[in-house]
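Below: the structure, in structure tokens.
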Amino acid sequence: MIPLASGALFGAGACLSGMVRPSKVLGFLDFGGAWDASLLVVMACALAIHVLAWRLVPAQRHPGPPSTVVDARLLGGAALFGIGWGLAGYCPGPALVSIVSGARGSLVFVAAMIAGMWLAGHAPSGKPDTGEG
Amino acid sequence: MHDFTPVHAAVGGALIALSLAVMLIATGRIAGLSGIVGGIVRPRAGDWIWRAWFLAGALAVGAVFELAAPLTYDADARVPLPVVAIAGLLVGLGTRLGNGCTSGHGLCGMSRLSKRSIVATMTFFALAVATATITGALCAG
């Protein structure tokens, strides 16, 4: 089961990297206090592997060239996501993993995130998912 | 530097990248996390079982960490719970409108120099840093 194994790898990575801890994430995003560069290492390491991974995708499975349309929906969505990420310190994957801790913050966050995802499907000029992620 | 954990960060980053790389190479899917969860919240026929398996794997390993090393997780949020709820709503709405999050745009898209992903990642990083820095100053004050 490829998705199960892949999900397990993600869970382990989110836990080990510290991305499941909002305090760790905010230590990186908050430039005002004692800054923690750990997430820069997470990102750099992951990006380096992904540059290689793209070269290994078989041609018949390649999702094709990415769309180049930069529109208000992309910019507005990314802006809202950034504000939410900076407020609480959770991005979607690690937030979801963290619900197993039962911490109230993570449960409230994920419940609200699911509501937000549901609402996004009702936004005006909704386009089908381009499958970017 | 405060709480810098480069080895854990490098290993964790590598595992996150491997997770998405396995999906990409084996199935041709750009398996960003907001996309995986979004596809379960608004399911399409025949396209949700792999998402459920992925999340089951992630949650199972997360639970092992909770049992073996509970300090993996934070007990409390930095901001009050109503603010956490607003943050969650913004993240859910924003990642679906913008079609991706840290994994889909930040890793999968940026690593193939997708213009949309680079613009999206710069935008959400800039706003996250600004928001976290302002909120941090308010919390400390």
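Chains as they are written, first to last, in the working numbering: chain A, 1 to 133; chain B, 1001 to 1141. All residues carry an ideal CB built from backbone N, CA and C; glycine is no exception. In this text, all values refer to a predicted model and were calculated from it rather than measured experimentally.
So, using beta-carbon positions, are residue i and residue j closer together than 9 Å?
i: G1104 of chain B; j: S1034 of chain B; result: yes
i: A1128 of chain B; j: S38 of chain A; result: no
i: R1112 of chain B; j: L26 of chain A; result: no
i: G105 of chain A; j: V1084 of chain B; result: yes
i: G1094 of chain B; j: G76 of chain A; result: yes
i: C1108 of chain B; j: I1025 of chain B; result: no
i: V42 of chain A; j: G7 of chain A; result: no
i: G64 of chain A; j: A1132 of chain B; result: no
i: V1061 of chain B; j: G93 of chain A; result: no
i: A1130 of chain B; j: F109 of chain A; result: no
i: G1092 of chain B; j: M113 of chain A; result: yes
i: L16 of chain A; j: L1015 of chain B; result: yes
i: V51 of chain A; j: Y1073 of chain B; result: no
i: V1011 of chain B; j: M117 of chain A; result: no
i: D1003 of chain B; j: A123 of chain A; result: no
i: R1116 of chain B; j: P66 of chain A; result: yes
i: A1140 of chain B; j: G32 of chain A; result: yes
i: L1067 of chain B; j: A115 of chain A; result: no
Considering just the uninterrupted stretch of the alpha helix (DSSP H) at residue i, what are its terminal residues?
i: S67 of chain A; result: No alpha helix (DSSP H) contains S67 of chain A, which DSSP labels as neither H nor E.
i: E1066 of chain B; result: I1049 to A1068
i: M1122 of chain B; result: K1115 to A1140
i: L107 of chain A; result: R104 to A120
i: L1107 of chain B; result: Premise fails: L1107 of chain B is in no alpha helix (DSSP H) and is neither H nor E.
i: P1082 of chain B; result: L1081 to L1097
i: C45 of chain A; result: S38 to R55
i: A34 of chain A; result: Careful: A34 of chain A lies outside any alpha helix (DSSP H) and carries neither H nor E.
i: V25 of chain A; result: P22 to L29
i: H62 of chain A; result: Per DSSP, H62 of chain A belongs to no alpha helix (DSSP H) and is neither H nor E.
i: G18 of chain A; result: G18 of chain A -> no alpha helix (DSSP H), and no H or E assigned at all.
i: L1020 of chain B; result: P1006 to T1027
i: S98 of chain A; result: P92 to S98
i: G1032 of chain B; result: No alpha helix (DSSP H) holds G1032 of chain B; DSSP gives it neither H nor E.
List the whole-angstrom C-beta distance separating residue i from residue j, where the pair is believed to meet the contact cut-off of C-beta under 8 Å.
i: V97 of chain A; j: A5 of chain A; result: No, V97 of chain A and A5 of chain A are not in contact; Cβ-Cβ is about 15 Å, not under 8 Å.
i: L74 of chain A; j: V1119 of chain B; result: 7 Å
i: V57 of chain A; j: G1046 of chain B; result: About 22 Å separates the two Cβ atoms, so there is no contact after all.
i: V1007 of chain B; j: I2 of chain A; result: Going by Cβ atoms, the distance from V1007 of chain B to I2 of chain A rounds to 28 Å, so no, they are not a contact pair.
i: A1017 of chain B; j: C45 of chain A; result: 7 Å
Relative to the C-alpha of residue i, which residue among the options is closest?
i: R1051 of chain B; options: B:L1097, B:G1032 and B:L1067; result: B:G1032
i: V100 of chain A; options: B:L1071, B:P1006, B:T1123 and B:V1119; result: B:L1071
i: G1098 of chain B; options: B:G1013, B:A1075, B:T1123 and B:W1048; result: B:T1123
i: P1080 of chain B; options: B:V1011, B:V1064, B:G1136 and B:V1007; result: B:G1136
i: L40 of chain A; options: A:K24, A:G32 and A:W54; result: A:K24
i: R1096 of chain B; options: A:A95, A:L119, A:G102 and A:L107; result: A:L119
i: A78 of chain A; options: B:L1067, B:E1066 and B:T1121; result: B:T1121
i: L107 of chain A; options: B:A1075, B:M1110 and B:A1017; result: B:A1075
i: P1082 of chain B; options: A:A111, A:G32 and A:L9; result: A:A111
i: T1102 of chain B; options: A:G102, A:E132 and A:F31; result: A:E132
i: I49 of chain A; options: B:I1134, B:F1125, B:G1106 and B:A1069; result: B:G1106
i: L9 of chain A; options: B:I1049, B:W1048 and B:W1053; result: B:W1053
Three or more C-beta pairs below 8 Å linking the segment 67-80 of chain A and the segment 1037-1050 of chain B: no
The segment 1045-1064 of chain B touching the segment 78-89 of chain A, judged by at least three CB pairs closer than 8 Å: no
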